[in-house]
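K.L.:
Residue numbers (my numbering), protein chains in the order written: chain A, 1 to 332; chain U, 1 to 561. Heads up, the beta-carbon is just placed ideally off N, CA and C, and yes, glycines get one too. One structure coming up, written as structure tokens, with questions to follow.
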Amino acid sequence: MKKFGINALLIVLAMVIAACGSNNANSSQEPIKVYTHNDSEEMQDLVKGLKEETGIEVDVLRMSSGEAWSRIESESPNFGAEMQWGMLHSFALKAEQNDFLESYHSPTWEDVPDNFKDPDGKWYGWSYWFNLLAINTDILESKGLDKPESWEDLLDPQYEGEIVLPDPGTSGTAFLFVSTIMQIMGEEEGWKYLEKLDQNVAQYTKSGSAPAQMVAQGEYAIGITWDQAVFDRVEEGYPVEAVFPTEGVGYDLDVIWMFKDAENQDQVKEIIDYIGSENGMEEASKHRSMVTKPGFVGTVENIDQYLIDYDAVWAAENRERVMEEWRTKFSN
Amino acid sequence: MEIGSQQRSLQTRPFLREWKRLWSEPLFAIATIILALSIIIFIVAPVFAVLLKSFGIGTGDFTVANYEKFFQTSYYINSLLNSVKAALISTAAVVLLSVVVSLYVTRSQSFVAKTYRGIALLPLVAPPFIFSLSLIILLGRNGVVTQYLNSWFGWEFSIYGFWGVVFAQIIGYFPVGYMLVESTLRTTNTSLEQASQDLGANQWKTIFNITIPLAKSGIIKAGLLVFVMALADFSNPMIIGGGLPFLASDAYLLVVGQQNIEMAAVLGVFLIVPSLLVFIFQTYFLKDTNLETISGESGGNNAPLKGTVKRVITTVTTIFIAFISLMFIMVVLGAFVKIIGINNAFTLEHFSNQTGWDSLYNSIVVSFFGALLAAGLGILQGFLFARKAIPGKKLLEFLTLFGLAVPGTVMGIGYVLIFNGPPFFLTGTVMLLVLNMAFRKIGVGLEAGISKMHQIDTSMEEASQDLGAGPYRTFWSVVLPLLTPAFVAGFVYAFMTAMVSISSVIFLVSPGTNLAATYILNLAEQARIGMASAMSFILIVIVLGCIGLLKILEKKSGVKV
């Protein structure tokens, strides 16, 4: 009979766990399912802000933007999430083209300039971000390396094995970099540049934030990454410096959207309202260099001088072709 | 993990007669059919889907273009070569270390030996890629050790790349090899060793000419298993590979980064073929080992080690065990300090991570039910297969056990292919994760069930029948209680491995059903070593806690697990 004891105990345990599971689900409404490419830490704060303000709970799955996009494409028309909170502008344009998005006109976004949102309310740009170099000043000093000032400087052989770049196949940060280079130099010159740069690249990471983190921890001297990833590390006290390459940087609008046929549309709308609200933008501005709502200053000022006239539509239209060429060139 | 089952006498009865006999007990027949169908849907179909996809079937006509592309692209060839080379080196090292550590542990009764044994098995409770993280903390370009080497000797090196992957694999897969080798060495007939020594052979000679040849089957089995596991390793190349191509991680990146499932399927086939070969070899050619020897009965006392032999073996073992411990210490330190090696101030902030805790909760639920199903169904299957005439039994058993051998990446891709559309629509559900875990581990339950059934004499059941109990009552009141220890053993093992497994479920997680191991990998990809260490630490503590709980249960109830 004792042997049955274990059986019985296991069954009871199973029931307890099952009960916990269903309790959690019933205690409030089902959490809203969200995809994001934002960093885990940033998302944690944003989600907390949302919950305090609206009481809505969300379940977040973080993926790099390229990864998220291929998931969305393969899942269509049955998306595994109800909304996207943080994604590349160019993917919003593609998603709109493919009819993946639900429109909603949110009142809190009315004062946001028209070029940051879709006229049909299918996507909203909540912040924008740009490429940036993270430089580890300790390593530069100890190895006697010059501080790079421009994209061109990165080709210098002295940086061989010291540069970390994300993989544009998975990382939106890296794709922004690649298309920025194309737009600055022209496509042909751009490929030549990338081929030379490849000689100096120590490794390609999956996530666009990883290079900043690795540089901060002293693994490599130079990381090609995005703005806030660098500023956060600087603020945390690492020997890291942000470098704006002199040729200028491309920027990308970071967007949110509701997926077509989302289950709990009312709540998703509430979330969209919150992100566009004063409180939502206030919270976002703590984590982003620039937010789109007028009257809110992000973590960096006077940014315009560094930005090139980046063409997101070109990026959206040419992504597949550019990536195919990237693969044949660098995955061989 | 314990692949390979006892070969039983071939059934010669005609198929129809078996079929009729099966239906004489309809409940068992229905159970069998449900089991068979589930195995086909959840193990066979996904693997076939990958196979078909690699030949372009499903979206187009039969084509070998994908394979041509594979062989024409140096990137893929490199990825194959890297995977094979790393797997070979890791296997050689694991086997060698397994023999050394096993010799030490089985030939010493001391407290130290018991402690070493515990530490040697410890990597089982951590996600396999944890050691990549530790290696980066220790030996990265700015690692804790690297810093000193650099300032003292001016040495500069980078652990990223091929050797990083190899080291991480050696530690991660060591317990698998070790368990098998140790149990064979433990059960070696000691009289042969004694005879050898009585005849004047020294200890080296005895070890090389008697001990190791006697343990041959265990060693070969360990080597083969570690080889396929290392070949299919997915997470270490992602973290420490430094962008070097490896088969399993490339297959994953092809799916998630490029939507190129055909090519991923081709890479998957290169993972399946070696697993299949090794599996067939183990099942049909290495018959003398089974789960019973693995769980280890202590034989007579092995001759204690002496002299130089003892010194060499003790030294190697101690260094290696110290290294494993160091890896775990790094994870614990990494979890509790701001940024290890740079800012060593104590902090708990890495633990304040709601998403992390949610994913841990999911992991426990999914692993619990997955293991419950794996052990329960597996053992039911073991009973049916051992006692009932089932047509096509051999094949079904083969397919069930093959579930253990299929590389996770392949299974994951297969599940994406099959369950992402009609008629199933299971993607994004906890159910799919549970099913995936359950059917990847169901072979564990089956092995445990079959070997237990072989120990139970049929006379017990016959007595029950003679006393008037029907077949179901007999099953419920006689057989089931006897199977409980096998169930618990299967459950514990399946639960433990499910908690830390990643390569398959990473394709299947969704918002709200993210699992701890995949979440930790994601943190590691963002290079958030502190948070990743903290979550790993909690995961390890939970798994250890569960094992401890079951050990207590085992003692209290007197059931040997």
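What are the residues in the stretch 168-194 of chain A lying within 7 Å of chain U by C-beta distance?
P.N.:
For the stretch 168-194 of chain A, which is checked against every Cβ of chain U, the residues closer than 7 Å are Gly169, Thr170.
K.L.:
Can you tell me the Cα-Cα spacing of Leu446 (chain U) and Tyr284 (chain U), whole angstroms?
P.N.:
So the alpha carbons of these two residues sit roughly 17 Å apart.
K.L.:
Whose C-alpha, out of A:Lys260, A:Glu278, A:Glu325, A:Tyr310, is nearest the C-alpha of Gly121 (chain A)?
P.N.:
Nearest of A:Lys260, A:Glu278, A:Glu325, A:Tyr310 to Gly121 (chain A), Cα basis: A:Lys260.
K.L.:
At a CB-CB cut-off below 9 Å, which residues of chain A make contact with Ala527 (chain U)?
P.N.:
Correct list: Thr205, Ser207, Ser209, Ala210, Pro211, Ala212, Gln213, Met214, Ala216, Gln217, Glu219.
K.L.:
Expressed to the nearest angstrom, what Euclidean distance is found between the alpha-carbon atoms of Trp163 (chain U) and Ala126 (chain U)?
P.N.:
Distance between the alpha carbons of Trp163 (chain U) and Ala126 (chain U) is about 21 Å.
K.L.:
Could you give the DSSP three-state label for Met258 (chain A): helix, strand or coil?
P.N.:
Residue state, collapsed to three classes: strand.
K.L.:
Am I right that Gly248 (chain A) and Tyr306 (chain A) are in contact with their C-beta atoms under 8 Å? What's the rounded C-beta distance?
P.N.:
Confirmed, about 6 Å.
K.L.:
Residues of chain A with CB closer than 8 Å to the CB of Gln259 (chain U), please, in chain order.
P.N.:
Simply Ser70, Glu73, Ser74.
K.L.:
Where in the stretch 44-73 of chain U do unbroken runs of the alpha helix (DSSP H), each at least 4 residues long, occur, reported from the N-terminal end onward?
P.N.:
Fully enclosed alpha helix (DSSP H) runs of 4 or longer: 45-54, 65-72.
K.L.:
Give every residue of the same chain whose Cβ lies closer than 8 Å to the Cβ of Arg473 (chain U), excluding the five residues on either side of it in the sequence, and list them in chain order.
P.N.:
Answer for Arg473 (chain U): Ser464, listed in chain order.
K.L.:
Which value, in whole angstroms, describes the spacing of the CA atoms of Ala134 (chain A) and Val240 (chain A)?
P.N.:
Approximately 6 Å, taken between the alpha carbons.
K.L.:
Suppose the cutoff is 8 Å on Cβ atoms and the five residues either side in sequence are ignored; what does the same chain contact list for Ile294 (chain U) look like?
P.N.:
Interpretation of Ile294 (chain U) is limited by its pLDDT of 38, a score under 50 that renders its predicted location unreliable; the figure taken from the coordinates is listed afterwards. Around Ile294 (chain U): Glu2, Met179, Leu180, Ser183.
K.L.:
Mind checking the stretch 426-451 of chain U against chain A and listing, in chain order, the residues whose C-beta falls within less than 9 Å of any C-beta there?
P.N.:
Residues passing the 9 Å Cβ filter: Thr427, Gly428, Val430.
K.L.:
By the three-class DSSP mapping on this structure, what secondary structure does Tyr310 (chain A) have?
P.N.:
It is coil, neither helix nor strand.
K.L.:
Mind listing, in chain order, the continuous alpha helix (DSSP H) runs of no fewer than 4 residues lying wholly within the stretch 108-145 of chain U?
P.N.:
Runs of the alpha helix (DSSP H) inside the stretch 108-145 of chain U: 111-121, 130-139.
K.L.:
Can you check whether the C-beta of Trp40 (chain A) is within less than 8 Å of a C-beta belonging to chain U?
P.N.:
The amino acid occupying residue 40 (chain A) in the given sequence is Ser; Trp does not appear at that position. It does; some Cβ of chain U falls within 8 Å.
K.L.:
Can you pull the chain A neighbours of Ser510 (chain U), defined as C-beta to C-beta under 8 Å?
P.N.:
Here the neighbours are Lys33, Leu61, Gly80, Ala81.
K.L.:
Taking buried to mean at least 16 other C-beta atoms within 10 Å of its own C-beta, is Lys556 (chain U) buried or exposed?
P.N.:
It is exposed - the Cβ of Lys556 (chain U) has fewer than 16 other Cβ atoms within 10 Å.
K.L.:
Within 10 angstroms of its Cβ, does Ala345 (chain U) collect 16 or more other Cβ (buried), or is it exposed?
P.N.:
Exposed, by the Cβ-count rule.
K.L.:
Counting pairs of Cβ atoms below 8 Å between the stretch 184-197 of chain U and the stretch 113-120 of chain U, do you hit three or more?
P.N.:
Result no; under three Cβ-Cβ pairs closer than 8 Å.
K.L.:
In this structure, does DSSP put Pro471 (chain U) in helix, strand or coil?
P.N.:
It is helical.
K.L.:
Which full runs of the beta strand (DSSP E) of 3+ residues lie inside the stretch 107-155 of chain A, going along the chain?
P.N.:
Those beta strand (DSSP E) runs which fall completely within the stretch 107-155 of chain A and span 3+ residues are 123-136.
K.L.:
With burial defined as no fewer than 16 other Cβ atoms inside 10 Å of the residue's Cβ, what is the status of Asp99 (chain A): buried or exposed?
P.N.:
Classification for Asp99 (chain A): exposed.
K.L.:
Can you tell me whether Asn26 (chain A) is buried or exposed? The criterion is at least 16 other CB atoms within 10 Å of its CB, across all chains shown.
P.N.:
Confidence at Asn26 (chain A) is low in this model, with a pLDDT of 40, below 50, so its placement is unreliable and the value that follows should be read with caution. Exposed, by the Cβ-count rule.
K.L.:
Grouping DSSP H, G and I as helix and E and B as strand, with all else coil, what is Ile502 (chain U)?
P.N.:
Coil, per DSSP.
K.L.:
Take Asn66 (chain U) as the anchor and find which of U:Ala375, U:Asp233, U:Ile261, U:Leu103 has the nearest alpha-carbon.
P.N.:
Here the closest residue by C-alpha is U:Ile261.
K.L.:
Is Val144 (chain U) close to chain A, meaning its C-beta is less than 8 Å from at least one C-beta of that chain?
P.N.:
No - not a single Cβ of chain A is within 8 Å of the one on Val144 (chain U).
K.L.:
Between Leu253 (chain U) and chain A, is any beta-carbon pair separated by less than 8 Å?
P.N.:
Leu253 (chain U) counts as touching chain A.
K.L.:
Under 8 Å, do Thr400 (chain U) and Gly443 (chain U) count as touching if we go by C-beta distance?
P.N.:
Yes; because the gap between Cβ atoms is below 8 Å, this pair is in contact.
K.L.:
If distances are taken between C-alpha atoms only, which option among A:Ala221, A:Asp153, A:Asp111 comes closest to Gly125 (chain A)?
P.N.:
Checked all of A:Ala221, A:Asp153, A:Asp111; the closest Cα to Gly125 (chain A) is A:Asp111.
K.L.:
Nearest to Tyr274 (chain A) by alpha carbon, out of A:Gln29, A:Tyr220, A:Leu46?
P.N.:
Closest by alpha carbon: A:Leu46.
K.L.:
Would you call the CB atoms of Ile207 (chain U) and Leu372 (chain U) closer than 8 Å?
P.N.:
No; because the gap between Cβ atoms is not below 8 Å, this pair is not in contact.
K.L.:
Assuming Glu270 (chain A) and Ile56 (chain A) are in contact, meaning their beta carbons sit under 8 Å apart, how far apart are those beta carbons, in whole angstroms?
P.N.:
About 6 Å; that satisfies the 8 Å criterion.
K.L.:
By Cβ distance below 8 Å, which residues in the same chain neighbour Phe398 (chain U) in space, the five residues on each side in sequence not counted?
P.N.:
Hits under 8 Å: Thr283.
K.L.:
What does a CB cutoff of less than 8 Å around Glu283 (chain A) pick up in its chain, not counting 5 residues either side in sequence?
P.N.:
If we look at Glu283 (chain A) and ignore the five residues flanking it on each side, its Cβ neighbours are Asp45, Leu46, Gly49.
K.L.:
Should Ala221 (chain A) and Tyr159 (chain A) be called a contact, given that it needs their Cβ atoms to be closer than 8 Å?
P.N.:
Their beta carbons are under 8 Å apart, which means Ala221 (chain A) touches Tyr159 (chain A) by this criterion.
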